[in-house]
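For reference, the structure discussed in these notes is given below.
There are 2 protein chains.
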Amino acid sequence: MREIAEAVGIKGASLYNHFASKEEILHAIALRMTRDWDERHLPVLDTEGTPDQRLAALVRAHVLSLAEHRVEHLVSLRELSALTDEHRAQVVDYRRYYQRRVRDVIAAGVRAGTFDVEDPTRAAIAVLDMLNGIVWWLRDDHDLAALADAYVTYAVDGVLGRGRTRGGGTGS
Amino acid sequence: MREIAEAVGIKGASLYNHFASKEEILHAIALRMTRDWDERHLPVLDTEGTPDQRLAALVRAHVLSLAEHRVEHLVSLRELSALTDEHRAQVVDYRRYYQRRVRDVIAAGVRAGTFDVEDPTRAAIAVLDMLNGIVWWLRDDHDLAALADAYVTYAVDGVLGRGRTRGGGTGS
DNA sequence: GTCTATAATGGGATAGAC
DNA sequence: GTCTATCCCATTATAGAC
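Dropping the structure here:
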């Protein structure tokens, strides 16, 4: 609390005029990185376009947004255990919903013959772990556009195998 | 410390007959997950075989070993900041060395025309983040062989694009 | 709404008996 | 080598003046 206060230019005790507890601060950050995150990014999955186009757009926005809110994301992950049971469950639910929506667009891509994975749920987890790992090492001097390009390729052409041929072909 | 002691069936104070401090315990765990990890897994990169074969073997062993030491790995990550500066630097160095060795075999695969990535360092980070993400969600009821198979495919055929054709072809 | 001063709690670590 | 009892310190949170 003292560090947070110092970063804002006040003393630790004064923080309690703005938040009731440390948990409330952490919860507010976690909500921005989950509920607000979902609201901001998921709509792109409902636009026109093929599953691979929609997922590529999501991945690019995901990477750029991670870079923009890197510290908050780290806090949201590391301090998850400091939340109340209710708040933690809420946050986990939002993360799970995001993961499910990614799984669904992957499954759509598989049905369309664009993607080549056995288990869309597992592939969604692998892709999201790969993306979210960025927050642990990203520094300010990175070329974000190139970074996002690379990860779109890793995810869509790589893990999901866009363009790779499997057994079948014509969906259904 | 009290929880650790309880898990061993003794009282908190008795732990200090075996370790000088909590930091020493955390450091011991971190060393197993980095120094010992490197010694155990990296030799496979020096065996006979093509880069993709050697990397596939490493990825499979990596995933299975993550599952075997899941909790220690989580501790090693989450409590990294609890280590002394020296110990933390040592642990980070071992992790960096592992990452560099993975980068090198990826670069070898690119030179051989097997892999298709622009930046082996970035690809190594992406692959390792994808693998290490497993420790956050793995439960005991998973089919580890199938899990390892999937991640070998995600990494070697996916991110690294084994079999994908790029511009050139005959290395050098 | 910020400050100083101060509770109150939790957890790492020590002392000394057995 | 384990125990009980205790210390010690960091940190969250509160009280009350300004």
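As they're listed, the protein sequences go chains P and Y. Residue 1158 in the numbering used here is what sits at position 15 of the first sequence, and the numbering runs on without skipping anything. Residue 1155 in the numbering used here is what sits at position 12 of the second sequence, and the numbering runs on without skipping anything. Each residue gets a CB set at the ideal place from its N, CA and C atoms; glycine is no exception. In this text the structure is predicted, and so the values were computed from the model without any measurement.
Taking the alpha helix (DSSP H) that residue i falls in, what are its first and last residues?
i               : result
S1157 (chain Y) : Taken as a continuous stretch (DSSP letters only), S1157 (chain Y) belongs to no alpha helix (DSSP H), as it is neither H nor E.
Y1294 (chain Y) : L1287 to V1295
L1217 (chain P) : R1213 to R1221
A1148 (chain Y) : R1145 to V1151
Residue i to residue j, Cα distance in whole Å?
i               : j               : result
G1192 (chain P) : E1191 (chain Y) : 46 Å
T1177 (chain Y) : I1277 (chain P) : 20 Å
R1305 (chain Y) : L1226 (chain Y) : 39 Å
D1247 (chain Y) : L1303 (chain Y) : 13 Å
R1213 (chain P) : E1146 (chain P) : 18 Å
E1211 (chain Y) : A1298 (chain P) : 27 Å
F1258 (chain P) : D1195 (chain P) : 8 Å
R1239 (chain P) : N1160 (chain Y) : 44 Å
T1264 (chain Y) : E1215 (chain P) : 26 Å
L1274 (chain Y) : Y1294 (chain Y) : 7 Å
L1158 (chain Y) : D1189 (chain P) : 56 Å
D1272 (chain Y) : A1267 (chain P) : 14 Å
H1230 (chain P) : Y1237 (chain P) : 11 Å
D1286 (chain Y) : E1222 (chain P) : 30 Å
D1181 (chain Y) : W1279 (chain P) : 21 Å
A1199 (chain P) : H1205 (chain P) : 10 Å
A1251 (chain Y) : D1228 (chain P) : 48 Å
L1209 (chain Y) : R1282 (chain Y) : 12 Å
G1314 (chain Y) : G1256 (chain Y) : In this prediction, G1314 (chain Y) has a pLDDT of 43, which is less than 50 and means its spatial position is unreliable; what the coordinates show is noted afterwards. About 6 Å.
V1234 (chain P) : E1167 (chain P) : 13 Å
L1185 (chain Y) : R1197 (chain Y) : 10 Å
G1301 (chain P) : D1284 (chain Y) : 28 Å
V1151 (chain Y) : M1144 (chain Y) : 11 Å
A1288 (chain P) : D1262 (chain Y) : 15 Å
T1296 (chain P) : R1307 (chain P) : 13 Å
R1183 (chain P) : V1270 (chain P) : 19 Å
L1220 (chain Y) : R1243 (chain Y) : 19 Å
A1232 (chain P) : I1249 (chain P) : 25 Å
G1312 (chain Y) : Y1241 (chain Y) : Residue confidence for G1312 (chain Y) is low, a pLDDT of 47 falling below 50, so the modelled location carries little weight; the figure read from the coordinates is stated next. G1312 (chain Y) and Y1241 (chain Y): Cα-Cα distance of roughly 28 Å.
D1179 (chain P) : R1203 (chain P) : 17 Å
K1165 (chain P) : K1165 (chain Y) : 25 Å
S1224 (chain P) : S1224 (chain Y) : 16 Å
Could you check what DSSP says for residue i in three-state terms: helix, strand or coil?
i               : result
A1251 (chain Y) : helix
E1261 (chain P) : coil
T1341 (chain P) : Limits of chain P in this structure are 1144 at one end and 1315 at the other, which puts residue 1341 (chain P) out of reach.
T1177 (chain P) : helix
W1279 (chain Y) : helix
R1307 (chain P) : coil
D1272 (chain Y) : helix
G1301 (chain Y) : helix
A1163 (chain Y) : coil
L1226 (chain P) : coil
D1284 (chain Y) : coil
Since residue i contacts residue j with CB under 8 Å, what's their CB separation in whole angstroms?
i               : j               : result
L1174 (chain Y) : V1187 (chain Y) : Contact flag wrong, Cβ pair sits at about 21 Å.
V1260 (chain P) : V1253 (chain P) : 6 Å
I1172 (chain Y) : V1218 (chain Y) : 5 Å
A1291 (chain Y) : L1207 (chain Y) : 6 Å
A1163 (chain Y) : G1155 (chain Y) : Contact doesn't hold; Cβ gap of about 14 Å is too wide.
With a threshold of 7 Å (Cβ to nearest heavy atom), would residue i be considered close to the ligand GTP?
i               : result
V1151 (chain Y) : Among the components of this structure there are no ligands whatsoever, and the ligand GTP is therefore not found.
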